[in-house]
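A.B. asks:
Laid out in structure tokens, this is it:
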């Protein structure tokens, strides 16, 4: 499976990455359709919806394998499709809902996006303001979403919205919203520091009417479902960032071995090869932690604590690796054309997306029993 993915990337993605980075968008439907044909978008999804029904270890291998792409944006877009926008749909959605939306997403016919973050409400998921009020047999949705990966090309969005008053942890639902529904608009395509090939949108919902059968699972359980979904999202982020960090080390070793200064290769300097050895050890530790989380998911255990630690560690490791490696490229490291500069830009998101480092620390403090009571 890994070999198949790498062959696909080498033939159909990497030759076009520079062009897609410059355009700040990639043809998601074209790429996803090919991945769907290869069976890569439904490795862990139900067989009855076109998936392979495999355990999460296969999804983890794919998360690592996607880092073979010469950018971070396209892997992230694919990860949103497989591990961020569709897990709740696969596990909690009705049969009819899965037939209508999950099956074409697995086939690569539909592109999915996830609408959780809002302006002023990023990592604080409980504070989202988007509402979905009942009217007849429908929900009428008003509000907006921010930093929505795949947002300008998606066919449907899984939206977290307030469906009632009351406790912020018990008043939300996840609702599938087709992007062509009247009232759905892309307010703007966002320009980011990195992840250039991935389109990111600010979405607006103005009296968007969808049937109540488009709700995933029970009403009021959306926050819980999203927290469950975050386990997989954060593990995906840790696995992919770890593999991206490994690519940074590998390319830097190759570059510094060939680049010469003061009569010898850059790699022959003790500071360089010792630093790379330290960074390699950090990457190996991150990978071990990430795969511990994978094993917990496969065993049916709650992997929240491990996934949170892995996500936190991944953000720190990719930053240290990208910064440390870039230094050894010298002036070339600061050039847009070199792979290390792209990893430096793209990897920085790991400490922010899917919950900032500080939120991970808060979650871990609660697991440790050290978080102040009443806060």
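Residue numbers (UniProt numbering): 1 to 375. Backbone N, C-alpha and C define an ideal beta-carbon position, used for all residues, glycine too.
1. Mind checking whether residue 198 and residue 77 have CB atoms under 8 Å apart?
2. Using the rule of at least 16 other Cβ atoms within 10 Å of the residue's Cβ for burial, across every protein chain shown, is residue 373 buried or exposed?
3. Just the Cα atoms here: how many angstroms apart are residue 7 and residue 69?
4. Considering just the uninterrupted stretch of the alpha helix (DSSP H) at residue 43, what are its terminal residues?
5. Please report the distance separating the alpha-carbon of residue 228 from that of residue 245.
6. Taking residue 147 as part of the beta strand (DSSP E), name the residues at either end of that continuous run.
7. Report yes if the C-beta distance between residue 203 and residue 145 is below 8 Å; otherwise report no.
8. Leaving aside the five residues before and after residue 223 along the sequence, list all residues of the same chain whose C-beta is less than 6 Å from its C-beta, in chain order.
9. So what's residue 127 in DSSP terms, helix, strand or just coil?
10. What first and last residue would you give for the beta strand (DSSP E) that runs through residue 201?
11. Do residue 346 and residue 195 have their C-beta atoms closer together than 8 Å?
12. From residue 331 to residue 252, what distance separates their C-alpha atoms?
13. Classify residue 207 as buried or exposed, calling it buried when 16 or more other Cβ atoms lie within 10 Å of its own Cβ.
14. Would you kindly work out how many angstroms separate the C-alpha atoms of residue 9 and residue 299, rounded to a whole number?
15. Only counting the same chain, and skipping five residues up and downstream in sequence, which positions put a Cβ closer than 7 Å to that of residue 211?
16. Using a Cβ-Cβ cut-off of 7 Å (strictly less than) and excluding sequence neighbours within five positions of residue 360, which residues of its own chain qualify?
17. For a test of the three-state rule: what should DSSP assign to residue 301, helix, strand or coil?
18. Between residue 230 and residue 270, what straight-line distance do the alpha-carbon atoms span, to the nearest angstrom?
19. Alpha carbon to alpha carbon, how far is residue 88 from residue 174?
20. Alpha carbon to alpha carbon, how far is residue 42 from residue 179? Give it in angstroms, no decimals.
21. Just curious, the alpha helix (DSSP H) that residue 187 is in, first and last residue?
22. Just mark residue 182 as buried or exposed, buried being the case when its beta carbon has 16 or more other beta carbons within 10 Å.
23. Let me know if residue 166 comes out buried or exposed under the rule of 16 or more other beta-carbons within 10 Å of its beta-carbon.
24. Taking all protein chains shown into account, do 16 or more other C-beta atoms lie within 10 angstroms of the C-beta of residue 152, making it buried, or fewer, making it exposed?
25. Give the DSSP-derived three-state secondary structure of residue 358 in the structure shown.
26. Below 8 Å on the Cβ atoms is my contact criterion, and I expect residue 162 with residue 200 to pass it. Report the Cβ-Cβ distance as a whole number of Å.
27. Please confirm if the region 44 to 57 is in contact with the region 79 to 96, defined as three or more CB-CB distances below 8 Å between the two stretches.
C.D. replies: Let's see:
1. Counting from 1 along the chain shown, the entry for residue 198 is found at position 198. Counting from 1 along the chain shown, the entry for residue 77 is found at position 77. Their beta carbons are under 8 Å apart, which means residue 198 touches residue 77 by this criterion.
2. Start at 1 with the first residue of the chain shown, and residue 373 comes out as number 373. By the C-beta density criterion, residue 373 is exposed, having fewer than 16 other C-beta atoms within 10 angstroms.
3. Here residue 7 refers to the residue found at position 7 when the chain shown is read from its first residue. Here residue 69 refers to the residue found at position 69 when the chain shown is read from its first residue. Taking the straight line from one Cα to the other gives about 11 Å.
4. Locating residue 43 in the chain shown gives position 43, counting from the first residue. Run containing residue 43: none; DSSP gives neither H nor E here.
5. As a working mapping, residue 228 is identified with position 228 in the chain shown. As a working mapping, residue 245 is identified with position 245 in the chain shown. About 26 Å.
6. Within the chain shown, the letter at position 147 stands for residue 147. Note, residue 147: beta strand (DSSP E), 138 to 149.
7. The residue labelled residue 203 in the question sits at position 203 within the chain shown. The residue labelled residue 145 in the question sits at position 145 within the chain shown. For the 8 Å CB-CB criterion, residue 203 and residue 145 form a contact.
8. For the purposes of this step, residue 223 is identified with residue 223 of the chain shown, where counting begins at 1. 169, 172, listed in sequence order.
9. The count along the chain shown starts at 1 and reaches residue 127 at position 127. Residue 127 falls in the helix class under three-state DSSP.
10. The residue you call residue 201 lines up with position 201 of the chain shown. Segment 200 to 211, the beta strand (DSSP E) holding residue 201.
11. Here residue 346 refers to the residue found at position 346 when the chain shown is read from its first residue. Here residue 195 refers to the residue found at position 195 when the chain shown is read from its first residue. Contact: yes.
12. Numbered from 1 along the chain shown, position 331 holds the residue referred to as residue 331. Numbered from 1 along the chain shown, position 252 holds the residue referred to as residue 252. For residue 331 and residue 252, the distance between alpha carbons rounds to 14 Å.
13. To locate residue 207, count along the chain shown from 1; it is residue 207. Exposure of residue 207 is indicated by the presence of fewer than 16 other C-beta atoms within 10 angstroms of its C-beta.
14. What you label residue 9 is simply residue 9 of the chain shown in a count that begins at 1. What you label residue 299 is simply residue 299 of the chain shown in a count that begins at 1. So the two alpha carbons sit approximately 30 Å from each other.
15. Working through the chain shown from its first residue, we reach residue 211 at position 211. If we look at residue 211 and ignore the five residues flanking it on each side, its Cβ neighbours are 137, 138.
16. Locating residue 360 in the chain shown gives position 360, counting from the first residue. Once the five neighbours on either side are set aside, the close Cβ partners of residue 360 are 308, 311, 312.
17. Position 301 of the chain shown, counted from the first residue, corresponds to residue 301. Three-state result, residue 301: coil.
18. Here residue 230 refers to the residue found at position 230 when the chain shown is read from its first residue. Here residue 270 refers to the residue found at position 270 when the chain shown is read from its first residue. If you take the alpha carbons of residue 230 and residue 270, they lie about 41 Å apart.
19. For the purposes of this step, residue 88 is taken as residue 88 along the chain shown, with counting starting at 1. For the purposes of this step, residue 174 is taken as residue 174 along the chain shown, with counting starting at 1. The alpha-carbon atoms of residue 88 and residue 174 are separated by roughly 8 Å.
20. On the chain shown, position 179 is the one that residue 179 refers to. On the chain shown, position 42 is the one that residue 42 refers to. Residue 179 and residue 42: Cα-Cα distance of roughly 22 Å.
21. Here the question's residue 187 lines up with position 187 in the chain shown. Premise fails: residue 187 lies in the beta strand (DSSP E), 184 to 189, not in any alpha helix (DSSP H).
22. Within the chain shown, the letter at position 182 stands for residue 182. With fewer than 16 other Cβ atoms within 10 Å, it is exposed.
23. Residue numbering aside, residue 166 sits at position 166 when the chain shown is read from its first letter. Exposed is the call here.
24. As a working note, residue 152 is residue 152 in the chain shown. So residue 152 counts as buried.
25. Residue 358 sits at position 358 when you count from the first residue of the chain shown. Helix.
26. Here residue 162 refers to the residue found at position 162 when the chain shown is read from its first residue. Here residue 200 refers to the residue found at position 200 when the chain shown is read from its first residue. The C-beta separation of residue 162 from residue 200 comes to about 24 Å, leaving the pair out of contact by the 8 Å criterion.
27. Below 8 Å, enough C-beta pairs join the region 44 to 57 and the region 79 to 96 to call them touching: three or more.
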